[in-house]
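2 protein chains.
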Amino acid sequence: MQPQRKRWKVGELARATGLTVRTLHHYDRIGLLQPSARSSAGYRLYGEQDVARLQQIRSLRQLGFTLEQIRELLDRRGGDGASHLRVIEMHLARLREQVRAQQRLCDRLERIAKRLRAAEEVPAEELIQSIVEMTMFERYYTPEQLEQLAKRREALGEERIREVEAEWPRLMEEVRAEMEKGTDPSDPRVQALAQRWRALIEEFTGGDPGIAASLKRLYEQETTVHGLDTAAVRAMGEYIGRALAARREGESHA
Amino acid sequence: MQPQRKRWKVGELARATGLTVRTLHHYDRIGLLQPSARSSAGYRLYGEQDVARLQQIRSLRQLGFTLEQIRELLDRRGGDGASHLRVIEMHLARLREQVRAQQRLCDRLERIAKRLRAAEEVPAEELIQSIVEMTMFERYYTPEQLEQLAKRREALGEERIREVEAEWPRLMEEVRAEMEKGTDPSDPRVQALAQRWRALIEEFTGGDPGIAASLKRLYEQETTVHGLDTAAVRAMGEYIGRALAARREGESHA
DNA sequence: CTTGACCCTGACGCAACGTAAGGGTTTATC
DNA sequence: GATAAACCCTTACGTTGCGTCAGGGTCAAG
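These protein sequence lines map, in sequence, to chains A and B.
According to my numbering, the stretch in the first sequence is residues 2 to 255, in order.
According to my numbering, the stretch in the second sequence is residues 2 to 255, in order.
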């Protein structure tokens, strides 16, 4: 007395659900949804139970679960709701993390695009270089530090930034000269250079020791920054460090 | 007189950059980054140019470009900045779309998780069913309509919603009975049922014809909703439609 | 009996590598 | 100078969720 249950062939089911035949084949192959019957010729015949399961699969897919997770969710259906809650919460956490990451990506690209739109003629070489430096920074600084740096740059203003960027190479050239001459770090000339150096760092970092530490890590691990050989910069940094130490010592002895 | 340029073996370069040897092999194979030299034993030897290019690749990867896009960006470096701008803007648009989609996903999962946490003991079967219905709704309603529906539900209150959910099956049972008896749609009993039907739809849709249309599409294309056979519901809907039409006709003749 | 419209299985392709397998090279140590 | 540890090489399959043929049966209509 059973009412001749409806059966679907793959193509019919595919059209009805908006999926492709290939997708249904795939679900069959991996055992996620196997038709409850086959015709004598081997045609897949899906029953109402199968259609219901397919609905569930579609829904869970829409929520971004993998086929494997869906299988577990559907097969562990006997389990308590709490275990499902855990699965969903883990999934949610992963998703949120992804969203945050992509959000950051968007921000970065936005900044790059803005720069590109502003300068009417950016040499491609320079653009790529700036991208490299941007992302390099972002590997060494925490998001909070980057925000602080952005604020700092705004406070300094475009012009002062250009001044500083012009100042650095000059300063480094002078330091290099003294190093080559073998001038003692306690020499007044070196002391003056050390003060300028310290002031520039201070200006860039805004006095934040965390940012200074990140900057140090960056120079320790990258081989080139702004086209400079970091080995040379590190040597200078050490020299300047000795100069500053010598000065402090001199003060404490006074 | 060239200063014995530094060369890296794969493992060294991998350690220095934090990538894996396999990744460098991969880049070599696909021609994205081929070491400028090989040792006599066939060892890959990367020069400074190679390292620079790798930096660029890493940076662009961090921005989410595919290896293919990176190759194009780096190889078309002669091209103007504008073409790069276009690439970046397209990428940005795609990313933003992704973020929006994932944001929506998060919202949906959030709602499900909230429900799960609230009800201390949710039968897994029911949970999955509610997920199915939720996502089904979201396939048929536009985001704006969904928002409107959410507001509507809030306005009605939990209790009224439960009342309505209890009311529907009773009403449908009565309609089915009249249909079976073959009562004419213009019969006063059917007219009363039609009015109750119309009122419930009105309450759910908030009188929005767009939402009513989406609801209709849903019942036309899905085979089961809330465990009901939609074919039966469609038949009832048509019957009620005739009843309402008959009434309007009666009025216009009056 | 031949179309066409279905259906089947099998297998390669995609992105960006991970993970062996099987076998040479260098380098340090005994 | 032998041996072992640490590297390096190429080849090739696995991953995710299907898309896209290829080669070949099945079924209803004309």
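A virtual CB, placed ideally from N, CA and C, is assigned to each residue, including glycine.
The structure presented is a predicted model; accordingly, all values stated were derived computationally and were not measured.
- Interface flag for residue 211 (chain A) against chain B is unset, since no Cβ pair is found closer than 8 Å.
- The DSSP assignment places no complete beta strand (DSSP E) segment of no fewer than 3 residues inside the stretch 67 to 132 of chain A.
- Rounded to whole angstroms, the gap between the alpha carbons of residue 110 (chain B) and residue 89 (chain A) is 7 Å.
- For the options B:24, B:7, B:238, the alpha carbon positioned closest to that of residue 214 (chain B) is the one of B:238.
- In the structure shown, the three-state DSSP call for residue 44 (chain B) is coil.
- Near chain A, meaning a CB-to-CB distance below 7 Å, no residue of the stretch 14 to 27 of chain B qualifies.
- Following the DSSP letters along the chain, one finds residue 24 (chain A) inside the alpha helix (DSSP H) bounded by residues 22 to 30.
- The closest CA to that of residue 234 (chain B), considering only B:246, B:221, B:91, is found on B:221.
- Distance between residue 105 (chain A) and residue 113 (chain A), taken at the CA atoms: about 13 Å.
- When 9 Å is used as the limit between beta carbons, residue 117 (chain B) is near these residues of chain A: 82, 83, 85, 86, 89, 90, in chain order.
- For residue 212 (chain A), the number of other beta carbons within 10 angstroms of its own is at least 16, and it is reported as buried.
- Proximity of residue 206 (chain A) to chain B, defined by a Cβ-Cβ separation below 8 Å, is not satisfied.
- Per DSSP, the unbroken alpha helix (DSSP H) holding residue 12 (chain B) starts and ends at 11 to 18.
- In this structure, residue 56 (chain A) and residue 133 (chain B) form a Cβ contact; the two beta carbons are roughly 5 Å apart against a cut-off of 8 Å.
- Assignment of residue 39 (chain B) by DSSP, reduced to helix, strand and coil, places it in the strand class.
- Our two residues, residue 166 (chain B) and residue 158 (chain B), have alpha carbons roughly 13 Å apart in a direct line.
- Shortest Cα-Cα distance from residue 95 (chain A) to any of A:64, A:78, A:84, A:77 involves A:64.
- Proximity of residue 136 (chain A) to chain B, defined by a Cβ-Cβ separation below 8 Å, is satisfied.
- Going by beta carbons, residue 186 (chain B) and residue 243 (chain B) fall inside the 8 Å limit.
- Residue B:36 holds the alpha-carbon nearest to the alpha-carbon of residue 7 (chain B) among B:36, B:73, B:92.
- Under the Cβ criterion of 8 Å, residue 216 (chain B) is not counted among the residues facing chain A.
- Excluding the 5 residues flanking it on each side, residue 149 (chain A) has same chain C-beta neighbours closer than 8 Å at 207, 209, 212, in chain order.
- Following the DSSP letters along the chain, one finds residue 199 (chain A) inside the alpha helix (DSSP H) bounded by residues 189 to 206.
- Contact check for residue 245 (chain B) against residue 195 (chain B) passes: the beta carbons are separated by less than 8 Å.
- In this structure residue 31 (chain A) is exposed. Its beta-carbon is surrounded by fewer than 16 other beta-carbon atoms within 10 angstroms.
- Using beta-carbon distances, residue 146 (chain B) does not count as an interface residue toward chain A, since no partner is under 8 Å.
- The Cβ atoms of residue 38 (chain B) and residue 46 (chain B) lie closer than 8 Å to each other.
- The Cβ-Cβ distance between residue 197 (chain B) and residue 172 (chain B) falls below 8 Å.
- Residue state for residue 157 (chain B) is assigned as helix, using DSSP reduced to three classes.
- Residue 51 (chain A) is bridged by DSSP to nothing; it lacks a bridge partner.
- In this model, residue 249 (chain A) and residue 99 (chain A) are separated by some 48 Å (Cα to Cα).
- When Cβ-Cβ separations below 8 Å define contact, residue 241 (chain A) makes no contact with chain B.
- Cα atoms of residue 84 (chain B) and residue 216 (chain B): separation of roughly 46 Å, rounded to the nearest angstrom.
- A Cβ-Cβ separation of about 7 Å places residue 137 (chain B) in contact with residue 219 (chain B) under the 8 Å criterion.
- Contact annotation for residue 93 (chain A) against chain B: 107, 110, 111, 114 [CB-CB distance below 8 Å, chain order].
- For residue 56 (chain A), the chain B residues whose Cβ falls inside 7 Å of its Cβ are 133, in order along the chain.
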